[in-house]
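A.B. asks: What follows is a structure written as structure tokens; I'll ask about it next.
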Amino acid sequence: MVQVALVIGNSNYKKSPLTNPVNDARDMAAKLLGLGFTVIKRENLTTKEIGPTLREFKSKLTPGAVALFFYAGHGLQVKGVNYLPVVDADIAGEEDVPSQSMSVSLVLETMEEAKTRLNLMFLDACRNNPFARRFRSAAGGLAKVNVPSGTLLSFATRPGSVASDGNGRNGLYTLHLLNQMDKPGVAIEQALKRVIGGVKSDSAGEQEPWMEGAIEGDFCFGGCSATPIPVGTSAADPAAIELTFWDNVRNSRSASDYQAYLIQYPKGRFAALAKARLKDLSKPESTPPTTPAPVAVNTYQPPSRPPATAALLPTPIAAGPRPSGGVCPGCTCSDLQARLSMGVEPLTDVQMSHYRQNCR
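Under this note's numbering, the first residue of the sequence shown is numbered 39, with each subsequent residue one higher.
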């Protein structure tokens, strides 16, 4: 028989956070896994996760299956309709509630449309409405629900009343529900009656769980005597139950799944492996080494210089014949010598004197 559960715990509200709901969801998921349920667990559900979560839940339901919905967190009613707000809800008024909450009616419709044999809904969601001052009508708790056929609905307290978050690990209602779920041979209606009695006693009558709806036949979490038992197992076979639990979480990447196993089976066959997985998951994820940015290299090559050459100096002017000085402008010693040797144009006294002084 296919048994599918959607388990949600909302604690980290932006306004009025709660202590226990996430613990309630983890412990409920662990219990249901041990009882053979396929479990979809969500912690601190956000607005964008509502649709995908319900679609996943519906995709796993088959005709004739057992569908279970458990929710712990804030709950409120608007005009007689019950809503389960998500943790990122920013509700300024009643008109904001439908778009920032999961509708209880929508969950019931999801289960009914799948043509399941049995639908179970547990709502530990009757805390004070944190947005009550912004509402035109400030009714406390949750409203009564028109329960479809084949559905059993259980509230943490009576409609219109408010339940406490609890002082321990779990809310008072969830604590007693967990204690009654795996009792073999106890029908669901009888188990819920025991929950009602236990909560009422522990709260000195201030909190009284409420049950609505009816189912055909018997259903026992711990196995009813009339329930067919798979070959090779028994309803009370703890080893088979533990193995089923472990098979459901063995490939999980969520630390809370291994914590749930260890809570249920602190000395179980797979306890050492669960602790090792928790240790691995607690390590910071290794990040691939970052390649240092390439250092900028100046690839500019200056143009090659021509070979060094000697500095160009003025070309010396070859020394010519010595001038005759200022006494014979334009004359040279060679001219004077030629004129003397040829006997033409005798030299003047000045020229002769110059010749004698400078050209011999």
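Even glycine gets a Cβ: it sits at the ideal position worked out from N, Cα and C. Predicted model only: the values in this text are computed from it and were never measured.
With DSSP collapsed to three states, give me the class of glutamine 218.
C.D. replies: helix
A.B. asks: Alpha carbon to alpha carbon, what distance is there between isoleucine 46 and alanine 110?
C.D. replies: 6 Å
A.B. asks: Does the separation of the CB atoms of threonine 76 and valine 125 fall below 7 Å?
C.D. replies: no
A.B. asks: So, using beta-carbon positions, are threonine 148 and leucine 92 closer together than 7 Å?
C.D. replies: When the beta-carbon positions are compared, threonine 148 and leucine 92 come within less than 7 Å of each other.
A.B. asks: Following the continuous alpha helix (DSSP H) through threonine 100, name the residue where it begins and the one where it ends.
C.D. replies: Run containing threonine 100: none; DSSP gives neither H nor E here.
A.B. asks: Rounding to the nearest angstrom, what Cα-Cα distance links asparagine 61 and alanine 194 in this structure?
C.D. replies: 16 Å
A.B. asks: Out of curiosity, what's the CA-to-CA distance linking tyrosine 211 and valine 142?
C.D. replies: Using only the alpha carbons, I get a separation of about 19 Å.
A.B. asks: What do you get for asparagine 286, buried or exposed, if any count of 16 or more other CB atoms within 10 angstroms of its CB means buried?
C.D. replies: Classification for asparagine 286: buried.
A.B. asks: Using three-state DSSP, classify proline 276 as helix, strand or coil.
C.D. replies: helix
A.B. asks: According to DSSP, what are the bridge partners of arginine 80?
C.D. replies: Ile46
A.B. asks: Can you tell which of Ser320, Val224, Glu280 has its C-alpha closest to the C-alpha of cysteine 417?
C.D. replies: Nothing can be reported for residue 417: it is not among the residues displayed for the chain, which extend from 39 to 398.
A.B. asks: If you reduce the DSSP assignment to three classes, tell me which class threonine 195 lands in.
C.D. replies: coil
A.B. asks: From alanine 201 to serine 239, what distance separates their C-alpha atoms?
C.D. replies: Those two C-alpha atoms are separated by around 14 Å.
A.B. asks: By Cβ distance below 7 Å, which residues in the same chain neighbour proline 266 in space, the five residues on each side in sequence not counted?
C.D. replies: Confidence at proline 266 is low in this model, with a pLDDT of 46, below 50, so the placement of that residue should be treated as unreliable; the coordinate-derived value is given next. Excluding sequence neighbours, proline 266 sits near nothing in its chain.
A.B. asks: Please state whether DSSP places serine 372 in a helix, a strand or coil.
C.D. replies: Correct three-state label for serine 372: helix.
A.B. asks: Can the beta-carbon of alanine 68 be found less than 7 Å from the beta-carbon of alanine 298?
C.D. replies: Result yes, Cβ atoms of alanine 68 and alanine 298 sit closer than 7 Å.
A.B. asks: DSSP on phenylalanine 283, reduced to helix/strand/coil?
C.D. replies: helix
A.B. asks: I think leucine 191 touches glutamate 250, with their Cβ atoms under 8 Å apart; what is that distance to the nearest whole Å?
C.D. replies: 5 Å
A.B. asks: Would you grab the beta carbon distance between glycine 113 and glutamine 302 for me? Rounded to a whole angstrom, and I think it's under 8 Å.
C.D. replies: In this structure, glycine 113 and glutamine 302 do not form a Cβ contact; the two beta carbons are roughly 27 Å apart against a cut-off of 8 Å.
A.B. asks: Are the beta-carbon atoms of valine 233 and leucine 216 separated by less than 7 Å?
C.D. replies: no
A.B. asks: Give me the Cα-Cα distance between leucine 230 and glutamate 246, rounded to the nearest whole angstrom.
C.D. replies: 11 Å
A.B. asks: Taking only three categories from DSSP, how would you classify tyrosine 51?
C.D. replies: coil
A.B. asks: Between the C-alpha atoms of glycine 118 and serine 320, what's the straight-line distance to the nearest angstrom?
C.D. replies: 44 Å
A.B. asks: List the whole-angstrom C-beta distance separating asparagine 58 from asparagine 82, where the pair is believed to meet the contact cut-off of C-beta under 8 Å.
C.D. replies: In fact, because the Cβ distance is near 13 Å, the residues do not count as touching under 8 Å.
A.B. asks: What residue range is occupied by the uninterrupted beta strand (DSSP E) comprising asparagine 120?
C.D. replies: 119-123
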